[in-house]
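S.K.: Okay, handing you the structure first.
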Amino acid sequence: MSKPRTTTTTDPAAAALVATADETLRDELLRLAAAAGVAPEVVGDAAAVLRSWARAPVVLVGADLAAAVADLAPDRRDGVHVISWGPAESDLFRAGMVLGAENVAGLPRSEGWVVETLTDLGEPGRPRGLVVGVMGGSGGAGATTLACALAQTAARTGEAVVLDCDPLGPGLDHVLGLDRADGFRWDALCETSGRLSARALRDALPRRGRLGVLTWHAGSTATLQAFAVREALSAARRGHDVVVVDLPRTADPLVDEVASRCDVLLLVVVPTVTGLASAARLCARMAGRAAPTLVVRGSGLGRHDVARATGRPVLATVPEQRRIAESIDLGLGPVRSHRGPLGRACTDLLAGLATRPAAAA
């Protein structure tokens, strides 16, 4: 993994907040911030924390102030971490729960992920990426093809990545022609621990231009680990404009969790009697977990029939494209030409998704 460049952050609205009166802890956190290339705002009492609580992109609360800050009941927010010098004690975890902290960790053991967390601030101004989940309403519906096509299309105008969450699928690097590209796969990522920065993930993945892919090594028997999926999804959306997630139809708690973290979940439906029956059962299973929006693939029953059978709205129809298997076999991915039917459909689909309200991740 290449060493990221450092950028000093001086804008108060973009500065991390370090809250501690412990000189040893403060000096260590400032050292780690310097390694990450950022200049944090430092405060030494609980009341001062509230002034910057809402605007700071990351808040590092020292163990010495955690209980006092928790007593002030600041609004819940993302990006809060409670840090101690040495192993964290049980009381610190209770304060962390009150604060809604993402991590409660001790230094120096956890200094690696502190640096990674602060390194992300070297890319100020990047909005959180749109996360699009794609799932097949029935076997052979073409969800993997659509996921890769959407990622290819998104990479024309910004940074895009596609996450392969189906361990029994073909491997999205094969679909995109990136199977010989160097880079991290799930196998390696599932063996790591700690926080993953946006830049580190982007630099580590197999990629072509602005398109990256996180998938499996061929023949791998590894299974997805929940912590790795959460870290990868979080880092991906912080470092990319569009994140596409290829999800299996499996009834699995981790699949349900990832689906619920997506801004939009697309269910690819084949408009036949059997295709709709299968999709309707899947929609019923997903009720209360995620609300899929339908993408109809090919011709058959009309959009009204599809919506009525599944109880879910139809967002788009994606036409069949000739010679798509040949395009994939040639290493070009499913979108051989962005002027073709699939390319145009994906462009329109992404344009429509960009205007939808984003769900909380």
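Numbering (my numbering), first residue to last: 863 to 1223. Every residue, glycine too, gets a C-beta built ideally from N, C-alpha and C. All of these numbers come straight from a predicted model, not from anything done at the bench.
Can you give the Cα-Cα distance for H1036 and I1190, rounded to whole angstroms?
M.R.: Between H1036 and I1190, the C-alpha separation is close to 8 Å.
S.K.: Looking at the unbroken alpha helix (DSSP H) that takes in V1091, where does it start and where does it end?
M.R.: Unbroken alpha helix (DSSP H) run through V1091: 1088 to 1101.
S.K.: With distance defined between alpha-carbon atoms, name the residue in G1160, L1128, G1205 nearest to R1111.
M.R.: The shortest C-alpha separation from R1111 is found at L1128.
S.K.: Assuming L1109 and V1131 form a contact by the criterion Cβ under 8 Å, report the distance between their Cβ atoms to the nearest whole angstrom.
M.R.: Contact doesn't hold; Cβ gap of about 15 Å is too wide.
S.K.: Just checking, does the segment 915 to 925 make contact with the segment 942 to 956 on the three C-beta pairs under 8 Å criterion?
M.R.: Taking 8 Å as the limit for Cβ pairs, the verdict is that the segment 942 to 956 does touch the segment 915 to 925.
S.K.: Would you report the Cα separation of L927 and A883, rounded to the nearest angstrom?
M.R.: C-alpha separation (whole angstroms): 7 Å.
S.K.: Tell me which same chain residues have a C-beta within less than 6 Å of the C-beta of A950, skipping the five on either side of it?
M.R.: Within the same chain, A950 has close Cβ partners V966, G968.
S.K.: In angstroms, rounded to a whole number, what distance separates the CA positions of T870 and V911?
M.R.: The pLDDT assigned to T870 is 35, lower than 50, so where the model puts this residue is not dependable; a value taken from the coordinates is nonetheless given after this. The straight-line gap from Cα to Cα measures roughly 22 Å.
S.K.: Express the C-alpha separation of S1000 and T1006 in angstroms, rounding to a whole number.
M.R.: Looking at the two C-alpha atoms, the distance is approximately 12 Å.
S.K.: What do you reckon, are the CB atoms on V1075 and V1024 nearer than 8 Å?
M.R.: Cβ distance < 8 Å, so V1075 and V1024 count as in contact.
S.K.: Mind checking which residues open and close the beta strand (DSSP E) that includes E903?
M.R.: That run of the beta strand (DSSP E) goes 903 to 905.
S.K.: Taking the alpha-carbon of G1081 as reference, which of G1033, G991, G1004 has the nearest alpha-carbon?
M.R.: It is G1033.
S.K.: If you follow the beta strand (DSSP E) that T1179 is part of, which residue opens it and which one closes it?
M.R.: Element bounds for T1179: 1176 to 1180.
S.K.: Rank R888, D889, A895 by C-alpha distance to the C-alpha of A877 and give the top, closest one.
M.R.: The residue with the shortest Cα to Cα distance from A877 is A895.
S.K.: Label M997 either buried or exposed according to how many other C-beta atoms from any shown protein chain fall within 10 Å of its C-beta, with 16 as the threshold for buried.
M.R.: Buried, by the Cβ-count rule.
S.K.: What do you get for T1015, buried or exposed, if any count of 16 or more other CB atoms within 10 angstroms of its CB means buried?
M.R.: Answer is buried; the Cβ neighbour count reaches 16.
S.K.: Let me know the secondary structure DSSP gives G1137 once reduced to three states.
M.R.: G1137 falls in the helix class under three-state DSSP.
S.K.: Beta-carbon within less than 8 Å of A1013's beta-carbon, same chain only, minus the 5 sequence neighbours each way: which residues are those?
M.R.: Counting only Cβ-Cβ distances below 8 Å, and skipping sequence neighbours, we find A1022, V1023, V1024, L1038, L1073, V1075, V1104, V1106.
S.K.: From the DSSP secondary-structure annotation, give me the bridge partner or partners of D1210.
M.R.: According to DSSP, D1210 bridges with nothing at all.
S.K.: When the Cα of L1212 is compared with those of G1004, C1010, R971, which residue comes out closest?
M.R.: Of the listed residues, the one whose Cα sits closest to L1212 is C1010.
S.K.: Kindly indicate the opening and closing residues of the beta strand (DSSP E) around V1037.
M.R.: Element bounds for V1037: not the beta strand (DSSP E) but the alpha helix (DSSP H), 1034 to 1038.
S.K.: Tell me where the beta strand (DSSP E) around W947 begins and ends.
M.R.: Segment 942 to 947, the beta strand (DSSP E) holding W947.
S.K.: Can you round the beta-carbon distance between R990 and R1099 to whole angstroms, since I take them to be within the 8 Å contact cut?
M.R.: That belief holds up - the Cβ atoms of R990 and R1099 are roughly 5 Å apart, short of 8 Å.
S.K.: Less than 8 Å between the CB atoms is what I'm expecting for L961 and V931, so what's the real figure, rounded?
M.R.: The Cβ separation is near 7 Å, so the contact holds.
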